[in-house]
């Protein structure tokens with residue numbers, strides 16, 4: 018009888034424990050099933066511990082009581098492991114750079130988040146490649162060298178582990194592909210080439226299993242949203258006119274996928290006078306690629322954009338005219354908005370896949386969140402919108418008081434609450450109702466790009482210099 022009681026107690030405890038094994042949690046949707054999660058977050062509020070970390074924008078993931086991050090200091094790149102209860106560093110693995118992949122000033126060198134599976138930490142370090150480390154001690158199990166990639170603003174897409182494979186999506190102006198690697202050996206199982214876009218994409222793919230048991234990899238990219246067979250890489254269906262060069266990950270639900278990108282994104286572009294004013298040194302109205310020199314981030318980004326225009330829509334003569342510039346930013350069809358797309362289909366489903374499209378005031382980086390039959394969006398300025406997921410009807414739109422900055426961290430949900438974190442470190446917790454109300458707010462006074470993680474009734478927030486753990490103190 019005593020043994021039976023002990024088993025029941027252990028099972029009860031395990032039911033409340035949880036992992037957050039990849040970017041945006043178990044299902045990649047930002048939702049946690051945890052209970053007893055703190056609702057008041059900030060310095061001096063629910064803080065269990067805080068530690069200093071290397072720089073980096075990758076989000077924390079949690080498995081078996083451990084937290085995993087990537088980071089960088091100077092020329093060094095790291096994968097790091099911490100104890101989730103205390104914040105103590107357990108190990109760090111230094112990853113050598115193979116080349117320099119210049120980042121966007123905000124994006125950084127180590128933005129992709131690791132994925133956990135089969136006792137491995139699967140990390141994508143853009144300047145090194147894809148590597149598998151033993152979760153217990155950080156021992157390198159295999160490495161696949163990749164790159165350089167030629168990204169305009171660095172790389173942000175995270176690897177995803179599923180059923181013995183790790184999936185990696187690369188979308189840049191120089192190369193676009195989706196690959197599936199054996200998580201045990203690092204061997205490439207399959208790789209499919211994708212359409213190259215002017216600016217590339219920065220999204221992380223999502224997974225969906227059909228009623229027939231077939232798992233699909235849902236990947237937004239240049240000009241289309243595509244579903245691939247997870248076992249073979251077969252291009253199962255695709256829908257054009259949905260996305261152009263997405264940054265936000267898709268949100269997959271039981272019967273639809275939601276994508277978000279500012280409406281008309283990819284059309285128009287910046288005025289021609291912007292690059293000519295900076296780089297047309299001889300004032301002849303044409304930009305020679307050799308004129309866009311220097312290592313400054315602005316010069317690097319413009320050099321990539323102009324080279325992409327010359328290569329994809331220009332004359333491939335290492336120069337860009339105004340006509341080529343305007344043409345390069347004109348998409349073959351209008352795309353973007355918050356879009357609900359059917360998940361089933363075969364082949365080209367462009368004409369009937371879109372169920373509705375919301376075009377007003379949608380974000381570029383932050384993805385939609387579906388929780389308790391309400392669709393949530395947050396965009397720069399701290400503007401939160403709730404929508405009916407079936408129709409796209411806006412239910413409420415209002416600002417988060419005192420948190421009106423930029424937003425890069427994805428919103429997350431637990432119990433009856435939604436958690437938002439702005440770039441300047443403002444944390445706002447709201448009710449999870451369509452007519453939402455603010456429950457609490459706090460100011461970490463540190464920059465935040467990474468998405469919060471929720472595990473074992475704790476909220477973990479990674480800033481530009483720290484890792485915070487928030488939870489209710491033990492009685």
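Residue numbers (my numbering): 18 to 492.
Here a beta-carbon is modelled for each residue, glycine too, at the ideal position from N, C-alpha and C.
Just so it is clear, the structure is predicted and the values come from calculations on it, not from any experiment.
Per the C-alpha coordinates, the member of 127, 59, 269 positioned closest to residue 48 is 269.
DSSP places residue 145 outside any alpha helix (DSSP H), giving it a letter other than H or E. Taken atom to atom, the span from the alpha-carbon of residue 421 to that of residue 439 is near 8 Å. Our two residues, residue 46 and residue 307, have alpha carbons roughly 44 Å apart in a direct line. Residue 251 has its alpha-carbon roughly 34 Å from the corresponding atom of residue 395.
Following the DSSP letters along the chain, one finds residue 437 in no alpha helix (DSSP H) but inside the beta strand (DSSP E) bounded by residues 434-438. Around the beta carbon of residue 341, a 10 Å sphere encloses 16 or more other beta carbons of the protein chains shown; the residue is thus reported as buried. Between residue 263 and residue 218, the C-beta gap is smaller than 8 Å, which places the two residues in contact.
Residue pairing by DSSP places residue 477 opposite 470, 486 in a beta bridge. Shown here, residue 319 sits in a helix according to DSSP, grouped into three states. Cβ atoms of residue 481 and residue 72 come within 8 Å of each other, at about 6 Å. If you ignore the 5 residues before and after residue 364, its C-beta comes within less than 7 Å of the C-beta of 254, all in its own chain and listed in chain order.
Each residue's CA atom was taken as its position, placing residue 75 and residue 128 some 4 Å apart. Relative to the Cα of residue 124, the nearest Cα in the group 466, 486, 471, 319 belongs to 466.
The three-state reading of DSSP puts residue 306 in helix, counting H, G and I together.
Taking 3 residues as the minimum length, the beta strand (DSSP E) runs contained wholly in the stretch 407-452 are 411-416, 429-431, 434-438, 443-448, in order along the chain.
In the DSSP secondary-structure assignment, residue 289 is not bridged to any residue.
When DSSP reads this structure, residue 117 sits in no beta bridge, so it has no partner. Across the structure, residue 178 and residue 39 are spaced so that their CA atoms are roughly 8 Å apart. Along the stretch 181-225, the beta strand (DSSP E) occurs as fully enclosed runs of 3 or more residues at 182-188, 193-199, 205-210, listed in sequence order. A residue is called buried when at least 16 other Cβ atoms come within 10 angstroms of its Cβ; residue 475 meets this threshold and is buried. Within the same chain, and ignoring the five residues on either side of residue 132 in sequence, the residues whose Cβ sits closer than 6 Å to its Cβ are 39, 139, 176, 177, 178.
The distance from the Cβ of residue 353 to that of residue 280 is about 4 Å, consistent with a contact at the 8 Å cut-off.
Shown here, residue 390 sits in coil according to DSSP, grouped into three states, outside any helix or strand. Relative to the Cα of residue 408, the nearest Cα in the group 399, 373, 433, 385 belongs to 373.
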